[in-house]
Each structure stands twice: as C-alpha cells, then as structure tokens.
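> Below are the structure tokens for one structure; questions will follow.
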Amino acid sequence: MKLVSPGGGVPNTLVQGFDPNIGTYLGWQKATTKIDGTSIVDADATGKMFLKDTTTGEYYRRGIERSISVLMFGADPFGVSDSTQAFRDAANVSNLTGEVWVPNGNYKITGTINLPFDGIRFICDTNAIIKPVGTFNVFTCSSNYCEFMVNIDGTATKPTGGTAAYVASIVLFGTNRCWIHDCRITNFQGGGISLLQRSSTIGCTYNVVENNYIENCVGKDGSGSLQDMSHIRIGYAGDGYFHVGNKILRNTLLGNHNMEIGIGAICHGYDNLFEGNTIKDFDAYGIAAYEASYGDGTVPLLYRCGIAFNHISGIGVLSGTTAKGMGIYMQKCHYSSIVGNCLDNTMLGSNLSGSLSEAAIGLGQSIGTTVTSNVLMRNNRHGIRAVACFNGNISGNTIDTTGGFGIYITDCSDFSVTDNNIYKATATGINGLFRSTLDSDVAANGLMADYAGRPTGTGLVITGNTIEKSQNANPAISLTGTAAGLQGGINRNYNPIDGLIIADNTIRVSTTGINLALTINSNVSRNITRHFATNATGIIIGSTCDNVILTQNDIKPDSSIASMAQGIVYSGTNPIFGQNIIGATSGLRISYNGINILASKFVGYSTAAPGAGTWATGDHIVNTNPSIVGTDPDRQYFIEGWTYIASSWRECRFYPTLRVTDRAVRSVSANTTLTLDDEYVEVDATSGNVTITQPAALSGKRFIIKKIDSTLNTVTVINSGGLTFDQNGTSRSMNIGRGMLHSEFNGTYWSILMLSTPSGALSPRLATYTNANGVQVVDQGCASFSTGNTNRTYQLLAANLWTNKFALVKKTDSGTGTVQTLPASGENIDGANGKTIRGQGGYLLLYSDGTNVMVVSISSIGEQYSGVSTNSTDLLSTSFLDANFPTANFGDEVWFTSLADAPSNIGWAKKNSGYWITKTDYVKTS
Numbered sequence: 001m002k003l004v005s006p007g008g009g010v011p012n013t014l015v016q017g018f019d020p021n022i023g024t025y026l027g028w029q030k031a032t033t034k035i036d037g038t039s040i041v042d043a044d045a046t047g048k049m050f051l052k053d054t055t056t057g058e059y060y061r062r063g064i065e066r067s068i069s070v071l072m073f074g075a076d077p078f079g080v081s082d083s084t085q086a087f088r089d090a091a092n093v094s095n096l097t098g099e100v101w102v103p104n105g106n107y108k109i110t111g112t113i114n115l116p117f118d119g120i121r122f123i124c125d126t127n128a129i130i131k132p133v134g135t136f137n138v139f140t141c142s143s144n145y146c147e148f149m150v151n152i153d154g155t156a157t158k159p160t161g162g163t164a165a166y167v168a169s170i171v172l173f174g175t176n177r178c179w180i181h182d183c184r185i186t187n188f189q190g191g192g193i194s195l196l197q198r199s200s201t202i203g204c205t206y207n208v209v210e211n212n213y214i215e216n217c218v219g220k221d222g223s224g225s226l227q228d229m230s231h232i233r234i235g236y237a238g239d240g241y242f243h244v245g246n247k248i249l250r251n252t253l254l255g256n257h258n259m260e261i262g263i264g265a266i267c268h269g270y271d272n273l274f275e276g277n278t279i280k281d282f283d284a285y286g287i288a289a290y291e292a293s294y295g296d297g298t299v300p301l302l303y304r305c306g307i308a309f310n311h312i313s314g315i316g317v318l319s320g321t322t323a324k325g326m327g328i329y330m331q332k333c334h335y336s337s338i339v340g341n342c343l344d345n346t347m348l349g350s351n352l353s354g355s356l357s358e359a360a361i362g363l364g365q366s367i368g369t370t371v372t373s374n375v376l377m378r379n380n381r382h383g384i385r386a387v388a389c390f391n392g393n394i395s396g397n398t399i400d401t402t403g404g405f406g407i408y409i410t411d412c413s414d415f416s417v418t419d420n421n422i423y424k425a426t427a428t429g430i431n432g433l434f435r436s437t438l439d440s441d442v443a444a445n446g447l448m449a450d451y452a453g454r455p456t457g458t459g460l461v462i463t464g465n466t467i468e469k470s471q472n473a474n475p476a477i478s479l480t481g482t483a484a485g486l487q488g489g490i491n492r493n494y495n496p497i498d499g500l501i502i503a504d505n506t507i508r509v510s511t512t513g514i515n516l517a518l519t520i521n522s523n524v525s526r527n528i529t530r531h532f533a534t535n536a537t538g539i540i541i542g543s544t545c546d547n548v549i550l551t552q553n554d555i556k557p558d559s560s561i562a563s564m565a566q567g568i569v570y571s572g573t574n575p576i577f578g579q580n581i582i583g584a585t586s587g588l589r590i591s592y593n594g595i596n597i598l599a600s601k602f603v604g605y606s607t608a609a610p611g612a613g614t615w616a617t618g619d620h621i622v623n624t625n626p627s628i629v630g631t632d633p634d635r636q637y638f639i640e641g642w643t644y645i646a647s648s649w650r651e652c653r654f655y656p657t658l659r660v661t662d663r664a665v666r667s668v669s670a671n672t673t674l675t676l677d678d679e680y681v682e683v684d685a686t687s688g689n690v691t692i693t694q695p696a697a698l699s700g701k702r703f704i705i706k707k708i709d710s711t712l713n714t715v716t717v718i719n720s721g722g723l724t725f726d727q728n729g730t731s732r733s734m735n736i737g738r739g740m741l742h743s744e745f746n747g748t749y750w751s752i753l754m755l756s757t758p759s760g761a762l763s764p765r766l767a768t769y770t771n772a773n774g775v776q777v778v779d780q781g782c783a784s785f786s787t788g789n790t791n792r793t794y795q796l797l798a799a800n801l802w803t804n805k806f807a808l809v810k811k812t813d814s815g816t817g818t819v820q821t822l823p824a825s826g827e828n829i830d831g832a833n834g835k836t837i838r839g840q841g842g843y844l845l846l847y848s849d850g851t852n853v854m855v856v857s858i859s860s861i862g863e864q865y866s867g868v869s870t871n872s873t874d875l876l877s878t879s880f881l882d883a884n885f886p887t888a889n890f891g892d893e894v895w896f897t898s899l900a901d902a903p904s905n906i907g908w909a910k911k912n913s914g915y916w917i918t919k920t921d922y923v924k925t926s
C-alpha cells in the first residue's frame, strides 16, 4: 500500500506489508533530524522509520504512540522468515519510546539481539514465542535499568562431541538495576539467564530476576558436562569485579537432568539473595555459591550471600554415580546464611568419592556462615556437612531419613551445632573428625589464609539437639581428634578435640549415645539418652581422652527393654564425674579403666552405715543427716556417705573449705596477730613499721604475707610462742617495697617456702634502643643500647621522680660507640656529670634516694679501653693515660691489648684525678 504524507501528498517510497491494525501507528511527521540530532539522509528513508517525498525532497519520521513493534521492521510472526534483523532494528531505535513490543506469533531468530540503550523494556505478548535456531546468546544487555519479559523456546537436543557452549537466553554484562521477570524459557541449548561481568572489572549490581519459568535448558554433551552451566548463573572467573545486591526470587527451574546447576553464583561479590525459588532435577547442585579464583587474595571475595526459603528436589544423577548431588553448596562463601529451605530427594547417586562437602547442604572453607531452620528429607547421603569452616553455626534444622550422617563436621573450630532434629540417619546422627590444617586444606586467600597450619576441633558446642535413630550399630554423636601421622595420605600433627561442650541433647538410639576419642578438657553434661538394645552403652570416652567432665547425664534403657549393658565407660585419664543418673544396667553403671565407680547393685540413703546384711564392693549409702566434724577450719569435714569396700563400710569425707584457695585477702596497716582463718595478708607500712604475729597452728598451715607499699618502713613477722623460722631466728623482716614471706608450719618450726625482698627497681620492663639515644620513663627499669659505632646518650629523669628505685643501663653490641648516662638538669651522678659505658656487655646500676643519683655497680667490661702502646714508658705514664682517656672517671679501667708483650701488669684503673694504679696478672702463662 501507499502511505499518504501528513500534507496530503503521496510519497514515492512504498512500505510493503504494513498492517495498520498491528502496532501503534499514528502517521508520519515532517522531520529533518534523527533522535540523536544528526541529519536524515536518503539512506535512512527505508520506510521503516523514515520516508522521503521525492517531489518536495522532504523527509518524514514515523509517529509512535507507546512502543516500537518488531513488526514495523519486518519481523515475521509466522516463523518462516528470519526475524533477527527486525528485532535488532527495533532495539536500535528503542530509545525513541523506551519499549520494544513483540506481538503474538512465532519468531525465528538466528543471532544475538542487544539492547544498546538504558531504560529499555523488551516485552512479549503472552503468546509471542521467540524461536532461536543455533547456539548463541539470544539477548544481551550492557545497559542499565532495562527490563525483559520475553518467551523463548528452542529446539535443544543434547549436543555431542564437546559442542556444548557457555551461552544463555538472556545475558546481562555488568548492568545496574535491570529487571528480568515473568519470562518463559524452555528447551534452550545453553543456560537460561546469566549475570556476568563486563570488561573484567564491572560486575552486575542490584538486578532482579524473578517469577521466571525455565525448563529443560541443556548444558551437557557426550564429552562431559559444562560444570558451571546453570539455569540462572551469576559469574564468572576473573579479577577486579564484584556482583553486588542482585536478587534471584521466586523462579521455577526444572532441569530434567540436562543441566548441572539450578542457580550458580560462581563469582566474586556480596549481598546477593536467592529466595523462594523452586529448583528440581539437576545433576550437581540445586544452588551453588562458590568463590571463583581471585588473583590478589586480599579480601573475602564472596560473602553475605542469602539462600532462603527455596524448595529444592531431585538433585544428583538418575543412573551411575556422582561425587556431587548437593541441594545447596557453599564454598569459600563467608558470613552468609542458608535459612528456611526445603530439600527433598537430594544426593542421588552420590558415591562420596569427591573432596567436596558431600551433603544435602554442604559448606566448605567458609567463615561465619550459618545454616538455620532448613528441612531436609529423603537424602541419599549426609544431611549437612561442613569442612574447614570456622565461627559458624548449624541450628534449628530438621533432618529426616539420610543415607549417611545427619550432620558431619570436619576440621572446623569455633563452631556450634545446636537445636537440630535428626531422625533416622543411617550412620551417626552428628559426626565429627578434626585434623590440623595445612595450607592445602584451606584456600590461601584473605580470611582463610589465617586458618592454615593450625589445629581444629577447638571451641565446639553441640547442644539442644534431638537425635532419634533406627536400630543400627552407629552412635548418635561421635567425635574424634587425630593422632600425629598420616591422615588420608597426608602427614599431620597431633590434633585433639579441645574444649568441647556436649550438653542438653536428647537421644534415642539402639546402641551408643555419645562416643568421644582423642578429646581433652571437655564437658559432657545434662544429656538424656534412651537405648532400645540390651548391648547399648550410654556414653563412651575413649582411651585417648583426658580431663573430660561427665555430670547430670540421664542414661537409661528404653521402656521396651529391661536393662542395657553399661551407663558410662571412661577409658581415658583424669575423669571428673558429677551426679549422673544411670538406669538399670546388666554391667557397670560407670566404669573408669575397668574399675566400678558406681556398681549396679545398690545405692541407698541413711543416717549411718549399715551394720548388717550382705553387701557388694561399690555399694554406696548417701548420708541424709551430715554434720561438721572438727574445729580447725583447715580440718573440718562432714561425712557425705559410706562406700562398701572389700568387707567393710568406709567413710566418704568431704572438706567444705580449701586450704589455699577460697580464702579472703586480709589487708592490715598496723601491728596484727593473725588467725587460723587468714591465709593471704597484705601489709601497708606507709605510716610506719608494722609487726605481724603468726598464731599457733597445726602442721600444714600456711601464711602468705606481702608488703604492698613502696616505703623503706619495715614489716617484721614473728611467731606465737617464740617459734623459729627454719630453726634460725624467730623473725623475718622486709624493708623494701613489695617483699613477700610465704611460710608453712611443719609441726616444729615455720618453714620458709619463699622470702622475696625486691630491689625496688622501677619495673622489669625493658626499653631497647638500636642506633638511637634514650630517655628514661617512669615505668622503665632497664635500658639496652646497640650503639652502631656511634656514641649514644641515656637521659635520666629527675631523682625525685624515681625515689627509692633502681635503674639499669647496658651496652649490648661490640661497636665502638659508647653509652653515656646523663643526670637531670642541675643534678649529678656521684658528683659527676655522667657515666660512660664503652665495652660490649658493660652495665651501670643506679639508685635514686629522691635527691641524688648514686652508682651501685658498674662493670669493668663496660669501662674497658683498648689500643694502649706497649712502650714501657707509656705503661707507667699517668700523663699518657690522662691524655688518651680524658673522660675516664673513678673506677674506669684500661686493659692492655697485647698480653704477650706486656709486663706483669695487664691494665690500669683510675683512682682519682691524675692518678692511675696498675692491674697485675698473677697467673703465669706460657
């Protein structure tokens, strides 16, 4: 048909096949420029967007109401002709209206369509189907704020010979705030929707992918799988980009076992959310959050991911075996959460042959990640597994019917497993294996590098779990550390579980409730176990365990059996048993290294030991009316009960007071006579001398008396009755601050265990100066110098700032530099303006009385000179010595450097100004 121009003329250019009932045609408008401001030329007048009136030479632009229809550009809705170019042409002018519209029909597409402008909507009618032919990305977009609502249906068949390709129906490259929603993508040879980085540096941010239906996208071929192909993918490898804040919401993904992954976040990024999706029938993972390799390794590169309220089922292979099949898999994904998901029928065909965290929910090398309130049903292998994870938590999950362990933790620390419900686990309900980590066990990037080469199994908490297992030989909870040696072919260090807490768990199991090996310094308390096999043992603590507390555990046979084998078997060392409740057993109730702690015959209550009857060793009577016996606080006790040993009842005494601990500190500042209730006494003698009298006592009584003030007042300790200290004198004194006397009465005299009278040094803190000068500070008692062949100085504080204190200065290197200690302005050191240390190892010990600084000791090594002439005249010349060593002070020494040539004297010492004395060698040498 011919189109009439707005002026009524008839343009010479014809537009073929245009139906005014399709699209939103309004007419033609006179124009000279295009939307981008450039002039219209004859080549533009194709009849699609522009016409030319050859009579007048004027150009006309098509009028558009709301959207650009692909039909305006020659798209074929019957699917016979290739509509690729029509789609591209529509996209290339989409900035005119902001929307491209695909009316109902089938459209054959053979190449990629790109959205080149920001803010574009690409919308299909309900029955508009885009039919790609070939393997390529159907839609790509590097623009922001774009929207897709399209229907794509391919003719995908499983490719062969390695011909599968990493393509997708819709691909966003580094976009911001795009919206892909209500799309239907089926039978496509490639992935469904991909969010990828652009130019390796720009990630996708705050895009939303929601309410899409994707089924039977094919990503496998005869040569193997494209392992990271996904129905929805956020990726991929490369440095310098982050995917941030993207949301994958309420999509339905049906893999039909033609794709590895439902949703894959194999990338770097944070704050990405995967929520409310239905994911079914994929071969490797339902959802995988895996940090791709990153070059600089300085930061946690995939973190704060949220995987919540998804329904995942049918993950794994239907035939053969696989090392995968996880419903949800996180690897190197930190500070993230897996919450409220339902996983059904996962780990299909898994043979547990891989090195990954094989479970319905698997965590690997992740820090601060939580797995909470998920429901796992009909899982072919482990329920939840964590490998090399730290500061994490598995809590509030329900795990029903697993082919392996309910929860399996390996090489983790500071990790808690709390309030989970585990039913019908074929293997152990909660299992743990802990080994020292190697660099190869954790990825050397950012956070994980901090955990390489360290022990695991520390800070573990397993509390509040309910475990019900069908009848099999596996315990409900089983944890073990590892001995030194080969572990899985790798030589590892000794790695016990240390500081474990297992408490408040409720267990119903056929055999063992709790089993520990290679565990130390741990607590097993308040657990309830019920057993429905006569050969069951409640708790087993293995021979490699040490210092494990067992208290308030309730261990009984199930009501269906009369008795079980044993209550607690402790084969390790240093057990601590509390008040455990042990029900009917056919053997020992509590066994420690094969010895009855609590026999099964009798436990009774009475006010006295039985006088008649037949009793067995280990029978015990609890005293229901105990009373204090004795008057000495250190000897008082009460009878807790009686235990039958061999042929008689023996008292079980309990001493309510401790002889050293649990005593209050007594503080005194005047003359005091101590009592037997005293143990540790602090004496403040600031106001004057104080005398402390130790009372008469029984053998074994101890006192610790400490002077806490810094004055020179004296604290004198004497003994009642004139008893001696160490049979040598009846008193001991402390007249320098913070002295201490620790003594014990042995029945004859007071034996001194320790008597300290500190020097009063400022503090043991050492300041080290290397190639630098130093200045004394109040809390510094020692200064060490390495001069580096340059003279150094050490400036003292004013004497009144360190009254009654000592200070030590030392030279540590062999350099030629000296260390000169200088007094404060207006003060001196023994009348001199300073003291100098010259030789390696030389030191100077000073004391301040508040007004003057005095030399207590100075080392001869520190004052050593060298290089004196061997001329006999020089040897006796005071003027020579004064001239060559003008800074020498009283007590400084000069050593002769060539003893083989020396006479009997080997050096000189300065006595006073202008006067030296010789130092003589009295040892004859050859």
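In case it helps, the UniProt record's numbering puts the sequence shown at residues 1 to 926. Backbone N, C-alpha and C define an ideal beta-carbon position, used for all residues, glycine too.
Just the C-alpha distance for Gly-119 and Val-100, rounded to the nearest angstrom, thanks.
Mapped onto the sequence shown, residue 119 falls at position 119. Mapped onto the sequence shown, residue 100 falls at position 100. If I take the Cα positions, the gap works out to 11 Å.
> Could you compute how far the alpha carbon of Leu-698 sits from the alpha carbon of Glu-744?
Your numbering for residue 698 matches position 698 in the sequence shown. Your numbering for residue 744 matches position 744 in the sequence shown. Rounded to the nearest angstrom, the two C-alpha atoms are 10 Å apart.
> Would residue 928 pass as a contact of Gly-364 if the rule is Cβ separation under 9 Å?
This structure leaves residue 928 out entirely; the chain is present only between 1 and 926.
> Could you check which residue in Thr-322, Val-715, Gly-327 and Ile-581 has the C-alpha nearest to that of Ala-289?
Here residue 289 refers to the residue found at position 289 of the sequence shown. Of the candidates Thr-322, Val-715, Gly-327 and Ile-581, the one whose C-alpha sits nearest the C-alpha of Ala-289 is Gly-327.
> Mind checking Arg-653: buried by the 16 CB within 10 Å criterion, or exposed?
Within the sequence shown, numbered from 1, the residue matching residue 653 stands at position 653. Burial call: exposed.
> Rounded to a whole number of angstroms, what is the C-alpha to C-alpha distance between Leu-516 and Ala-359?
Translated into the one-based positions of the sequence shown, residue 516 becomes position 516. Translated into the one-based positions of the sequence shown, residue 359 becomes position 359. Straight-line Cα distance between these residues: approximately 23 Å.
> Between which two residues does the beta strand (DSSP E) holding Arg-732 run?
Taking the sequence shown and counting its residues from 1, the one referred to as residue 732 is at position 732. First-last of the beta strand (DSSP E) with Arg-732: 731-734.
> Alpha carbon to alpha carbon, what distance is there between Gly-37 and Tyr-285?
As a working note, residue 285 is residue 285 in the sequence shown. As a working note, residue 37 is residue 37 in the sequence shown. Answer to the nearest angstrom: the Cα atoms are 51 Å apart.
> Measuring CB atoms only, is the region 401-421 touching the region 375-392, in the sense that at least three cross pairs come out at less than 8 Å?
These segments touch.
> Between which two residues does the alpha helix (DSSP H) harbouring Asp-89 extend?
In the sequence shown, residue 89 corresponds to position 89, counting from 1. Its alpha helix (DSSP H) spans residues 84-92.
> Suppose contacts are defined by Cβ-Cβ distances below 9 Å. Is Asp-153 in contact with Asn-104 by that definition?
Mapped onto the sequence shown, residue 153 falls at position 153. Mapped onto the sequence shown, residue 104 falls at position 104. Not in contact: Asp-153 and Asn-104 (Cβ atoms no closer than 9 Å).
> Our contact map puts Ile-462 next to Gly-429 with C-beta atoms below 8 Å; I'd like the distance itself, whole angstroms only.
Taking the sequence shown and counting its residues from 1, the one referred to as residue 462 is at position 462. Taking the sequence shown and counting its residues from 1, the one referred to as residue 429 is at position 429. Their Cβ separation, rounded to whole angstroms, is 10 Å, which puts Ile-462 and Gly-429 out of contact at 8 Å.
> Comparing C-alpha positions only, which one of Ala-43, Ala-565 and Gly-134 sits nearest to Gly-513?
Here residue 513 refers to the residue found at position 513 when the sequence shown is read from its first residue. Closest by alpha carbon: Ala-565.
> Among residues of its own chain, excluding the 5 on either side of Ala-45, which ones have a beta-carbon nearer than 8 Å to its beta-carbon?
Position 45 of the sequence shown, counted from the start, is the residue given in the question as residue 45. For Ala-45, where only same-chain residues beyond five positions count, the Cβ hits under 8 Å are Thr-13, Leu-51, Lys-52 and Tyr-59.
> On the CB-based measure, 16 or more other CB atoms within 10 Å of its CB, does Gln-694 come out buried or exposed?
Walking along the sequence shown from the start, residue 694 turns up at place 694. Gln-694 should be labelled buried.
> What are the boundary residues of the beta strand (DSSP E) that includes Tyr-107?
If you number the sequence shown from 1, residue 107 lands on position 107. Run containing Tyr-107: 105-109, per the beta strand (DSSP E) assignment.
> Can you tell me where the beta strand (DSSP E) with Phe-703 in it begins and where it stops?
Sequence index remark: in the sequence shown, residue 703 carries index 703 (1-based). Its beta strand (DSSP E) spans residues 702-707.
> Given Ser-478, which residues of its chain have a CB within under 7 Å of its CB, disregarding the five upstream and five downstream residues?
Here residue 478 refers to the residue found at position 478 when the sequence shown is read from its first residue. Only Thr-428, Asn-431 and Asn-515 meet the Cβ criterion.
> Of the choices Ile-507, Leu-500 and Thr-537, whose alpha-carbon is the least far from that of Ser-522?
Within the sequence shown, the letter at position 522 stands for residue 522. Ranking Ile-507, Leu-500 and Thr-537 by Cα distance to Ser-522 puts Leu-500 first.
> Are there 16 or more other CB atoms within 10 angstroms of the CB of Glu-863, so buried, or fewer, so exposed?
Translated into the one-based positions of the sequence shown, residue 863 becomes position 863. Because the pLDDT of Glu-863 is 42, which lies under 50, any placement of that residue in the model is unreliable, and the number read from its coordinates should be weighed accordingly. So Glu-863 ends up on the buried side.
> Can you give the Cα-Cα distance for Phe-242 and Asn-272, rounded to whole angstroms?
Reading the sequence shown from its first residue, position 242 is the one you call residue 242. Reading the sequence shown from its first residue, position 272 is the one you call residue 272. So the alpha carbons of these two residues sit roughly 11 Å apart.
> Less than 9 Å between the C-beta atoms of Leu-846 and Thr-821, yes or no?
The sequence position of residue 846 within the sequence shown is 846, counting from 1. The sequence position of residue 821 within the sequence shown is 821, counting from 1. Yes, the pair counts as a contact, with Cβ atoms nearer than the cut-off.
> Going by the beta-carbon positions, is the gap between Ser-531 and Ile-497 smaller than 9 Å?
Indexing the sequence shown from 1 puts residue 531 at position 531. Indexing the sequence shown from 1 puts residue 497 at position 497. Reading off the sequence, residue 531 comes out as His, not Ser. Cβ atoms of His-531 and Ile-497: not closer than 9 Å.
> In terms of residues, what are the limits of the beta strand (DSSP E) holding Pro-557?
Here residue 557 refers to the residue found at position 557 of the sequence shown. That run of the beta strand (DSSP E) goes 554-557.
> To which residues does DSSP link Glu-682 through a beta bridge?
Position 682 of the sequence shown, counted from the first residue, corresponds to residue 682. In the DSSP output, where bridge partners are listed per residue, Glu-682 has Ser-667 and Lys-706.
> Between the region 635-644 and the region 662-674, are three or more C-beta pairs nearer than 8 Å?
Output reads no: the region 662-674 does not touch the region 635-644.
> Pick from Ile-202, Ser-199, Cys-267 and Gly-111: whose alpha carbon is nearest that of Ile-170?
Along the sequence shown, one-based indexing puts residue 170 at 170. Checked all of Ile-202, Ser-199, Cys-267 and Gly-111; the closest Cα to Ile-170 is Gly-111.
> Is it right to say Phe-73 is buried, meaning 16 or more other beta carbons lie within 10 angstroms of its own, or is it exposed?
The residue you call residue 73 lines up with position 73 of the sequence shown. By the neighbour-count rule (16 or more Cβ atoms within 10 Å), Phe-73 is buried.
> Using DSSP with H/G/I as helix, E/B as strand and the rest coil, what is Ala-832?
For the purposes of this step, residue 832 is taken as residue 832 along the sequence shown, with counting starting at 1. In the structure shown, Ala-832 sits in a strand (DSSP, three-state: E or B).
> Does DSSP classify Asp-44 as helix, strand or coil?
The residue you call residue 44 lines up with position 44 of the sequence shown. Three-state DSSP puts Asp-44 in a helix.
> Out of Val-209, Thr-205 and Thr-675, which one is the CA nearest neighbour of Ile-185?
Position 185 of the sequence shown holds residue 185. Selected option, being the one with the closest Cα: Val-209.
> Between Thr-346 and Asn-379, is the Cβ-Cβ spacing less than 9 Å?
Working through the sequence shown from its first residue, we reach residue 346 at position 346. Working through the sequence shown from its first residue, we reach residue 379 at position 379. Yes, the pair counts as a contact, with Cβ atoms nearer than the cut-off.
> Hey, residue 935 and Tyr-107 are a contact pair by Cβ (cut 8 Å); roughly how many whole angstroms apart?
Absent from the model: residue 935. The displayed extent of the chain is 1 to 926, so no value can be given.
> Name the DSSP beta bridge partners of Trp-649, please?
Reading the sequence shown from its first residue, position 649 is the one you call residue 649. Its beta-bridge partners are Tyr-644.
> Let me check understanding here. Comparing Cα to Cα, which of Thr-724, Pro-575, Ala-536 and Ser-543 lies closest to Thr-551?
Residue numbering aside, residue 551 sits at position 551 when the sequence shown is read from its first letter. Here the closest residue by C-alpha is Pro-575.
> Where DSSP assigns a beta bridge to Pro-132, which residues make up the other side?
For the purposes of this step, residue 132 is identified with residue 132 of the sequence shown, where counting begins at 1. Ile-109, per the DSSP bridge assignment.
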